[in-house]
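Trainee: Line order of the protein sequences matches chains S and P. Residues 1 to 236 (the working numbering) make up the first sequence, in order. Residues 1001 to 1236 (the working numbering) make up the second sequence, in order. A virtual CB, placed ideally from N, CA and C, is assigned to each residue, including glycine.
There are 2 protein chains.
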Amino acid sequence: MNDKFSDEEKNGLYKAIYSRRDVRSHFTSTSIDDEVLSRILNAAHHAPSVGFSQPWNFILIKDYETRKKIKDSFETERKRSSQLVEEPRKSKYLSFKLEGILDSPINVCVTYDPSRFGPFVIGKSSIPETGIYSVCCAVQNLWLAARTEGIGVGWVSILSNDVLKEVLELPEHIVPVAYLCLGHVEEFAPRPDLETAKWLSRLELKDVVYYEKWERKQNSNWNKIHELIKANLDYA
Amino acid sequence: MNDKFSDEEKNGLYKAIYSRRDVRSHFTSTSIDDEVLSRILNAAHHAPSVGFSQPWNFILIKDYETRKKIKDSFETERKRSSQLVEEPRKSKYLSFKLEGILDSPINVCVTYDPSRFGPFVIGKSSIPETGIYSVCCAVQNLWLAARTEGIGVGWVSILSNDVLKEVLELPEHIVPVAYLCLGHVEEFAPRPDLETAKWLSRLELKDVVYYEKWERKQNSNWNKIHELIKANLDYA
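#1: Starting from phenylalanine 74 of chain S, trace the alpha helix (DSSP H) in both directions and tell me its first and last residue.
#2: Using only CA atoms, which one of P:Lys1165, P:Ile1101 and P:Glu1129 lies nearest to valine 1153 of chain P?
#3: Measure the alpha-carbon distance for isoleucine 17 of chain S versus alanine 44 of chain S and round it to whole angstroms.
#4: Where does glutamine 1218 of chain P land, buried or exposed, given buried means 16+ other C-beta within 10 angstroms?
#5: With respect to 6 Å, is the separation between the Cβ of leucine 1233 of chain P and the closest non-hydrogen atom of the ligand FMN below this value?
#6: Would you kindly work out how many angstroms separate the C-alpha atoms of methionine 1001 of chain P and serine 19 of chain S, rounded to a whole number?
#7: Excluding the 5 residues flanking glycine 150 of chain S on each side, which residues of the same chain have their C-beta closer than 7 Å to its C-beta?
#8: Could you work out which residues of chain P lie near phenylalanine 188 of chain S, taking near to mean beta carbons separated by less than 8 Å?
#9: Does the Cβ-Cβ distance between serine 73 of chain S and leucine 182 of chain S come in under 7 Å?
#10: Using 7 Å as the limit for Cβ to Cβ distance, is proline 1048 of chain P near chain S?
#11: Please work out which residues of its chain come closer than 7 Å, Cβ to Cβ, to isoleucine 1122 of chain P, disregarding the five sequence neighbours upstream and downstream, and give them in chain order.
#12: Within its chain, find whatever has a CB closer than 8 Å to the CB of leucine 1170 of chain P; leave out the 5 residues flanking it on each side and keep chain order.
#13: Taking the C-alpha atoms as reference points, what is the distance between isoleucine 70 of chain S and leucine 60 of chain S?
#14: Among P:Asp1063, P:Glu1008 and P:Trp1199, which residue has its Cα nearest to the Cα of proline 1088 of chain P?
#15: By the criterion of Cβ-Cβ separation under 7 Å, what are the contact partners of leucine 1203 of chain P in chain S?
#16: Considering leucine 180 of chain S, what are the terminal residues of the beta strand (DSSP E) in which it resides?
#17: Considering only C-alpha positions, which residue in the set P:Glu1215, P:Lys1010, P:Lys1004 and P:Glu1075 is nearest to aspartate 113 of chain S?
#18: Note the first and the last residue of the continuous alpha helix (DSSP H) segment covering valine 1167 of chain P.
#19: When you check each C-beta in the stretch 1023-1052 of chain P against every C-beta of chain S, which residues fall closer than 8 Å?
#20: What is the residue span of the beta strand (DSSP E) that glycine 154 of chain S lies within?
#21: In this structure, what does DSSP give as the bridge partners for threonine 1111 of chain P?
#22: Confirm, please, whether the CB-CB distance from arginine 1202 of chain P to glutamate 1195 of chain P is below 7 Å.
#23: Count the other CB atoms within 10 Å of the CB of threonine 1028 of chain P; is the residue buried (16 or more) or exposed (fewer)?
#24: Let me confirm a value: asparagine 1223 of chain P is counted as buried when at least 16 other C-beta atoms fall within 10 Å, else exposed. Which label applies?
#25: Whole angstroms are fine: how far does the CA of glutamine 1083 of chain P sit from the CA of aspartate 22 of chain S?
#26: Using a beta-carbon distance below 7 Å, is cysteine 1181 of chain P in contact with chain S?
#27: Name the residues in the stretch 135-148 of chain S whose C-beta lies less than 9 Å from a C-beta of chain P; which are they?
#28: With H, G and I counted as helix, E and B as strand and the rest as coil, what does DSSP make of phenylalanine 1027 of chain P?
#29: Would you give the residue range spanned by the beta strand (DSSP E) that valine 1085 of chain P belongs to?
#30: Output needed for histidine 1173 of chain P: all residues of its chain with C-beta closer than 8 Å, excluding positions within five of it in sequence on either side, in chain order.
#31: Round the Cβ separation of glycine 118 of chain S and leucine 1013 of chain P to the nearest angstrom and send it over; I've been treating them as touching at under 8 Å.
#32: Contact criterion: CB-CB distance below 7 Å. Does proline 88 of chain S meet it with respect to chain P?
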């Protein structure tokens, strides 16, 4: 594999990052080509993992009964969580379409197996959470690969992991990390839905970058990049 | 932004995924161009996040004293964790180069702020861990963007988060998620170091994909993709 990236290859990565969306509303019923799905899964499987432990599994789900039970869990959890927010935000929250469990042709549950490759994994003994962090990196690979293939992905986190574990028959020690809905889409929205709905705004990069220590927003050794970031260049 | 990806753009994403490495040994002292670093950070900032909460911060670190303290923490934790593994694996473990804290020109600590945008974040009340999962997705965006720019990244997880919190002056509620070393590299290794060293093997995709429920390795509704995945196609 040629080491250097052409401008177009580099652009492909950035385009995937900036045009990736959390899809809930725009799924079509067109099925996903098996070759495409296997490429997407293989991309996920090539994520970084602590100590090369590859602690993930991907459960592919089409079965209607399974999805219906998970959709029911979504409804229960959405109702429950709506009690946590006051009007008028509550009604706005309840008006959002937040999942595509039954609208998308394929669901994928990505899980974490803390027992993979035995008790000693390099890099995991000081910070055991790095195992689950590896699984999240796999989810992001999957999401970006799907985007380049024209496949939308929606991550549904309004559901009960206990229900997921029961319905998918996960053993006690297995952690469900992500429940994803995959499918072709009518469109990828130009911006995140919650930004368009003015629920929350995109933060500026300058507000999340610190220099040398927490909350240091300026430092004489970082002047040039500080100016660049303040300019808030739109790379998208 | 044009919706469809050209073959070369798509290839760019897959190439980044397959040639990305966790770099420890090949850093050069060449400094990273500020424009390049700002593109990499902006890519991270455009990761998905639960409820669009963008709960990350990026602390850029060059200061020698800071890095020396973190390197000391690495040494302490490496010695401690080596007690957990028997010979001959212990000696092999101790022979690995596992960090580039002082060899790389820039370190980045990526943190999670659970208080970002207040107590109610859409999608976070049923599974609060999704906040930290968002930060991991940002790390993976950073890693892939860096790869396309020819910048190596190494994630150091053999260290104490307590030391990190103290040295970087993180408030109590802020969680350090990833400590990354960034720099130009002599080369990107053709395979992960721990695979080359025969510490662990790459699993086959067919062994991590299940159908409909946990551990179901075959299902009549998934025959075609099952055959494709069994063929273990090398997309890299």
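Mentor: For this structure:
#1: The sequence position of residue 74 of chain S within the first sequence is 74, counting from 1. The continuous alpha helix (DSSP H) containing phenylalanine 74 of chain S extends over residues 64-82.
#2: The count along the second sequence starts at 1 and reaches residue 1153 of chain P at position 153. Comparing Cα-Cα distances from valine 1153 of chain P to each of P:Lys1165, P:Ile1101 and P:Glu1129, the minimum goes to P:Ile1101.
#3: Counting from one through the first sequence, the residue named residue 17 of chain S turns up at place 17. Counting from one through the first sequence, the residue named residue 44 of chain S turns up at place 44. Answer to the nearest angstrom: the Cα atoms are 15 Å apart.
#4: As a working note, residue 1218 of chain P is residue 218 in the second sequence. Burial is judged here by how many other beta carbons sit within 10 angstroms of a residue's own beta carbon; glutamine 1218 of chain P has fewer than 16 and is exposed.
#5: Ligands in the displayed structure: none, and consequently the ligand FMN is not present.
#6: On the second sequence, residue 1001 of chain P is found 1 positions in, with the first residue counted as 1. On the first sequence, residue 19 of chain S is found 19 positions in, with the first residue counted as 1. Because the pLDDT at methionine 1001 of chain P is just 45, under 50, the model does not fix this residue reliably, and the point stays unresolved.
#7: In the first sequence, counting from the first residue as 1, residue 150 of chain S sits at position 150. Sequence-distant Cβ neighbours of glycine 150 of chain S in its own chain, meaning closer than 7 Å and more than five residues away, are His184.
#8: In the first sequence, residue 188 of chain S corresponds to position 188, counting from 1. Residues of chain P with a Cβ closer than 8 Å to the Cβ of phenylalanine 188 of chain S are, in chain order, Asp1003.
#9: Mapped onto the first sequence, residue 73 of chain S falls at position 73. Mapped onto the first sequence, residue 182 of chain S falls at position 182. Not a contact, by the Cβ cut-off of 7 Å.
#10: Working through the second sequence from its first residue, we reach residue 1048 of chain P at position 48. True, the Cβ-Cβ gap to chain S drops below 7 Å.
#11: Reading the second sequence from its first residue, position 122 is the one you call residue 1122 of chain P. So the qualifying residues of the chain are Gly1051.
#12: In the second sequence, counting from the first residue as 1, residue 1170 of chain P sits at position 170. Closer than 8 Å at Cβ, skipping near neighbours: Thr1111, Leu1164 and Pro1176.
#13: Numbered from 1 along the first sequence, position 70 holds the residue referred to as residue 70 of chain S. Numbered from 1 along the first sequence, position 60 holds the residue referred to as residue 60 of chain S. The alpha-carbon atoms of isoleucine 70 of chain S and leucine 60 of chain S are separated by roughly 14 Å.
#14: Locating residue 1088 of chain P in the second sequence gives position 88, counting from the first residue. Distances from the CA of proline 1088 of chain P to each of P:Asp1063, P:Glu1008 and P:Trp1199 were compared; the closest alpha carbon is that of P:Trp1199.
#15: Residue mapping note: residue 1203 of chain P aligns to position 203 of the second sequence, counting from 1. Within chain S, the residues near leucine 1203 of chain P are Gln54.
#16: Residue numbering aside, residue 180 of chain S sits at position 180 when the first sequence is read from its first letter. Counting along the chain, the beta strand (DSSP E) containing leucine 180 of chain S begins and ends at 175-184.
#17: Residue 113 of chain S sits at position 113 when you count from the first residue of the first sequence. Answer by Cα proximity: P:Glu1215.
#18: For the purposes of this step, residue 1167 of chain P is taken as the residue at position 167 of the second sequence. In this chain, the alpha helix (DSSP H) harbouring valine 1167 of chain P covers 1161-1167.
#19: Only those residues of the stretch 1023-1052 of chain P whose C-beta falls short of 8 Å from the nearest C-beta of chain S are listed: Asp1034, Glu1035, Leu1037, Ser1038, Arg1039, Leu1041, Asn1042, Ala1043, His1045, His1046, Ala1047, Pro1048, Val1050, Gly1051 and Phe1052.
#20: Taking the first residue of the first sequence as 1, we reach residue 154 of chain S at position 154. That run of the beta strand (DSSP E) goes 151-155.
#21: Locating residue 1111 of chain P in the second sequence gives position 111, where the first residue counts as 1. Bridge partners of threonine 1111 of chain P: P:Asn1057 and P:Pro1176.
#22: Position 195 of the second sequence holds residue 1195 of chain P. Position 202 of the second sequence holds residue 1202 of chain P. Going by C-beta atoms, glutamate 1195 of chain P is nearer than 7 Å to arginine 1202 of chain P.
#23: Indexing the second sequence from 1 puts residue 1028 of chain P at position 28. The C-beta of threonine 1028 of chain P has fewer than 16 other C-beta atoms within 10 Å across all chains shown, which makes the residue exposed.
#24: Within the second sequence, the letter at position 223 stands for residue 1223 of chain P. Under this definition asparagine 1223 of chain P is an exposed residue.
#25: The residue you call residue 22 of chain S lines up with position 22 of the first sequence. The residue you call residue 1083 of chain P lines up with position 83 of the second sequence. For aspartate 22 of chain S and glutamine 1083 of chain P, the distance between alpha carbons rounds to 44 Å.
#26: As a working mapping, residue 1181 of chain P is identified with position 181 in the second sequence. Not an interface residue.
#27: Cβ contacts with chain P: Val135, Cys136, Cys137, Ala138, Val139, Gln140, Asn141, Trp143, Leu144, Ala145, Arg147 and Thr148.
#28: Stepping through the second sequence from its first residue, residue 1027 of chain P is reached at position 27. Residue state for phenylalanine 1027 of chain P is assigned as strand, using DSSP reduced to three classes.
#29: For the purposes of this step, residue 1085 of chain P is taken as the residue at position 85 of the second sequence. Annotation: valine 1085 of chain P is outside any beta strand (DSSP E) and is labelled neither H nor E by DSSP.
#30: Residue numbering aside, residue 1173 of chain P sits at position 173 when the second sequence is read from its first letter. Around histidine 1173 of chain P: Asp1113, Pro1114 and Ser1115.
#31: By one-based count along the first sequence, residue 118 of chain S stands at place 118. By one-based count along the second sequence, residue 1013 of chain P stands at place 13. In fact, because the Cβ distance is near 33 Å, the residues do not count as touching under 8 Å.
#32: Translated into the one-based positions of the first sequence, residue 88 of chain S becomes position 88. Chain P, which has no Cβ nearer than 7 Å to the Cβ of proline 88 of chain S, makes this no.
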